[in-house]
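*Asks:* I am attaching a structure below and will ask some questions about it afterwards.
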Amino acid sequence: MCGIVGYIGFREAYPVLIKGLHRLEYRGYDSAGVALINQRNNLSVYKSKGRVQDLEEYVQDKDTSGTIGIAHTRWATHGEPSNANAHPHYSQSESLALIHNGIIENYAVLKAQLIANGYTFHSSTDTEVLVQWIEYIRQLNGYDLLTAVQIALSQVVGAYAIALLEKGNPDQIIAARKSSPLVVGVGKGEFFLASDASPIIEYTNKVIYLDDEEIAVIRRDQEPKIITLTNVRKPLHIKELEMNLSELERGGYPHFMLKEIFEQPETLKNCMSGRINVEATNVTLSGIIDHKDKFIQAKRIIIVACGTSWHAGLIGKYLFEEFCRIPVEVEYASEFRYRHPVIHPEDIVIAISQSGETADSLAAIELARHAGAFVYGICNVVGSSIPRNTHSGSYTHCGHEIGVASTKAFTAQITVLTMMALAIGKEKGTISVEKYLAVIKELSHIPEKIERVLALNKSIKKLSRIFTYARNFIYLGRGYNYPIALEGALKLKEISYIH
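Heads up, the sequence shown is in our numbering, so the first residue is 318 and it goes up one at a time.
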């Protein structure tokens, strides 16, 4: 799994697809590929192990013409990194080409049935099984492609975001999702497809976010059709992205992580804008105000998150217990979802995720909703799955985060959690007026204090040289600084691979 890009319109598809793959390189991947339908209605697949640049070199002498195509960067889940395992994958007849993010858990059962019916395989991926399964159902029953996709996906166990091309049909892309993000970009006479909005924003800011078990039928010069696996037509909900193209450029910095570190004074101002009024000594979060009684009456708060967001949640525990006097449990979402957690209707479950698409956190949300708990989301990406699947929430508004090691999202999450604790504590009367006013004042000064720290960049760089050859580090912290120590250790491990 990794990155998906698709295009249908009046432009040559290949340059759009390649640029889109470059936009998605921050995700990490081991291979890349494209599928195109040319003017003669031929369906061609080109793929290569390695970087997107390796793919570009491979196709230099190939026919990359056509105004429709799909592309993919792969991070191996089934099968080693190789040319054969790279996406897209052909069906047996080479009439279909498919790209896929996710994991098909019952692929072995489906593959055995296909082999028994004479199908052969050129890779060890679950994705090739899926495209073969779609073709098998179609040929066995004489179904049209959409019906075959609906039936095939209803028989799949697992997660997927797919895009599918059909030989001889240069006017249609079929896409679908379940537990893996997929967004359709709506341009003027053209449509885009991607696993996140970064490859799309250069061309349009109008998008449609697919929900679980929805299929998008994207046809040239027609309004996209959104339909469920059970053939229910869904209304189109076109949203406008709040992303700027400049967020996707390094802006003179050597890498995105450094850029995002230096963006923090501004991103925290954005995070607090309209929410903290120092003169009026007030904190206003609409997600809290609209459900004030839920928070006042809450018997327990459960915070679910992964990685850096989990560390932010640990800080949230200190904040809520100190300011609101509500007991808090902080759960790693990947563990929470696989045990049998005790969740009560009086509980509030807070899910934290930068992307809003963390699969384990989404599964935890589903558990919480099923148990009758009130679910609150904290995420950065407007329109992502978490805000669409929670009762209420707050955006961090820290801008697109491309660096894999989170920085500005972490500080924005802590800021939102602090504002939440202040707002709830005030409503409950569990925080003193003096403490409330002091924290608001200090919170408003955080951007300025970060600027002072960032001004020490040259000194920090010199200091880092002293520790270049250190083999182990120990981070220490107590109270609020304990989660900070955990996050600092994680960052050093992520970036330097030092224990």
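Ideal placement from N, C-alpha and C gives every residue a C-beta, glycine not left out.
Which class does Phe327 belong to by DSSP, given the choice of helix, strand or coil?
*Replies:* coil
*Asks:* Can at least three beta-carbon pairs, one atom from the segment 483-495 and one from the segment 524-537, be found at a separation below 8 Å?
*Replies:* yes
*Asks:* Span of the alpha helix (DSSP H) holding Cys588?
*Replies:* Gln581 to Met589
*Asks:* With distances taken between CB atoms, is the gap from Leu558 to Ile517 smaller than 9 Å?
*Replies:* yes
*Asks:* Taking 7 Å as the limit between beta carbons, can you name the residues of its chain near Gln671, skipping five residues before and five after?
*Replies:* Ser626, Cys696, Asn697, Glu718, Ser723 and Ala726
*Asks:* Could you give the first and the last residue of the continuous beta strand (DSSP E) run that contains Leu481?
*Replies:* Boundaries of the beta strand (DSSP E) harbouring Leu481: Gly475 to Glu483, taken from the DSSP string.
*Asks:* Which two residues bound the contiguous beta strand (DSSP E) that contains Gln614?
*Replies:* Gln614 -> not in any beta strand (DSSP E); alpha helix (DSSP H) instead, spanning Lys609 to Gln614.
*Asks:* Should Pro582 and Leu771 be called a contact, given that it needs their Cβ atoms to be closer than 9 Å?
*Replies:* yes
*Asks:* Are Ala401 and Ser361 touching if we call contact CB-CB under 9 Å?
*Replies:* no
*Asks:* Near Ser471, which residues of its chain fall below 7 Å by C-beta distance, leaving aside the five closest residues on each side in sequence?
*Replies:* Excluding positions up to five away in sequence, the list reads Leu546.
*Asks:* For the pair the segment 411-422 and the segment 379-391, tell me if three or more CB-CB distances fall below 8 Å.
*Replies:* By the Cβ test, the segment 411-422 is in contact with the segment 379-391, since at least three Cβ pairs between them sit closer than 8 Å.
*Asks:* Which one or two residues does DSSP pair with Asp664 in a beta bridge?
*Replies:* Under DSSP, the beta-bridge partners assigned to Asp664 are Arg617.
*Asks:* Checking 9 Å against the spacing of the C-beta atoms, do Ala393 and Leu372 come in under that value?
*Replies:* no
*Asks:* Only counting runs of 4 or more residues, tell me where the alpha helix (DSSP H) segments fall wholly within the segment 424-496, in order along the chain.
*Replies:* 424-433, 443-458 and 462-471
*Asks:* Between Arg654 and the rest of its own chain, which residues show a CB-CB distance below 7 Å, the 5 nearest in sequence each way excluded?
*Replies:* Asp677, Ala680, Ala681 and Leu684
*Asks:* Can you tell me whether DSSP reads Lys634 as helix, strand or coil?
*Replies:* helix
*Asks:* In or out: Lys810 buried (at least 16 other Cβ within 10 Å) or exposed?
*Replies:* exposed
*Asks:* Restricting to runs no shorter than 4 residues, where is the alpha helix (DSSP H) found entirely within the segment 523-596?
*Replies:* 573-579 and 581-589
*Asks:* Buried or exposed, going by whether 16 or more other CB atoms sit within 10 Å of the CB of Ile812?
*Replies:* Under this definition Ile812 is an exposed residue.
*Asks:* For a test of the three-state rule: what should DSSP assign to Lys505, helix, strand or coil?
*Replies:* coil
*Asks:* Measure from the C-beta of Glu564 to each C-beta in chain E and report whether the shortest distance is under 9 Å.
*Replies:* Structure shown: chain E not included; a single protein chain is present.
*Asks:* If I measure Cβ to Cβ from Tyr375 and keep anything under 6 Å in the same chain, skipping five residues before and after, which residues do I get?
*Replies:* When the five nearest sequence neighbours on each side are left out, the beta carbons in the same chain lying within less than 6 Å of the beta carbon of Tyr375 are those of Ser365, in order along the chain.
*Asks:* Would a C-beta distance cut-off of 9 Å place Leu334 and Gly323 closer than the cut-off?
*Replies:* yes
*Asks:* According to DSSP, simplified to helix, strand and coil, what is Ile741?
*Replies:* helix
*Asks:* Under 8 Å Cβ to Cβ from Cys588, same chain only, skipping five residues before and after it: list those, please.
*Replies:* Thr713, His714, Cys715, Ala729, Thr732 and Val733
*Asks:* Identify, in the order they occur along the chain, each residue of the same chain with its Cβ nearer than 7 Å to the Cβ of Asp538, setting aside the five sequence neighbours on each side.
*Replies:* Gly506
*Asks:* Where do the ends of the beta strand (DSSP E) carrying Lys752 lie?
*Replies:* Lys752 -> not in any beta strand (DSSP E); alpha helix (DSSP H) instead, spanning Val750 to Leu771.
*Asks:* Give me the Cα-Cα distance between Pro498 and Val369, rounded to the nearest whole angstrom.
*Replies:* 21 Å
*Asks:* Taking only three categories from DSSP, how would you classify Gly796?
*Replies:* Reduced to three states, the DSSP call for Gly796 is coil.
*Asks:* With a Cβ-Cβ cutoff of 9 Å, do Thr584 and Gly591 count as a contact?
*Replies:* No, the Cβ-Cβ distance between Thr584 and Gly591 is not below 9 Å.
*Asks:* Please report the distance separating the alpha-carbon of Gln409 from that of Ile451.
*Replies:* 10 Å
*Asks:* Just curious, the beta strand (DSSP E) that Ser711 is in, first and last residue?
*Replies:* Where Ser711 is concerned, the enclosing beta strand (DSSP E) stretches over Ser709 to Tyr712.
*Asks:* Any idea what DSSP makes of Val647, helix, strand or coil?
*Replies:* strand
*Asks:* Going by Cα to Cα distance, which pick from Lys586, Thr521 and Lys775 is closest to Met560?
*Replies:* Thr521
*Asks:* With 16 other CB atoms within 10 Å as the buried threshold, where does Ser603 fall?
*Replies:* exposed
*Asks:* Rounded C-beta distance between Glu483 and Leu462? I'm assuming under 8 Å.
*Replies:* 6 Å
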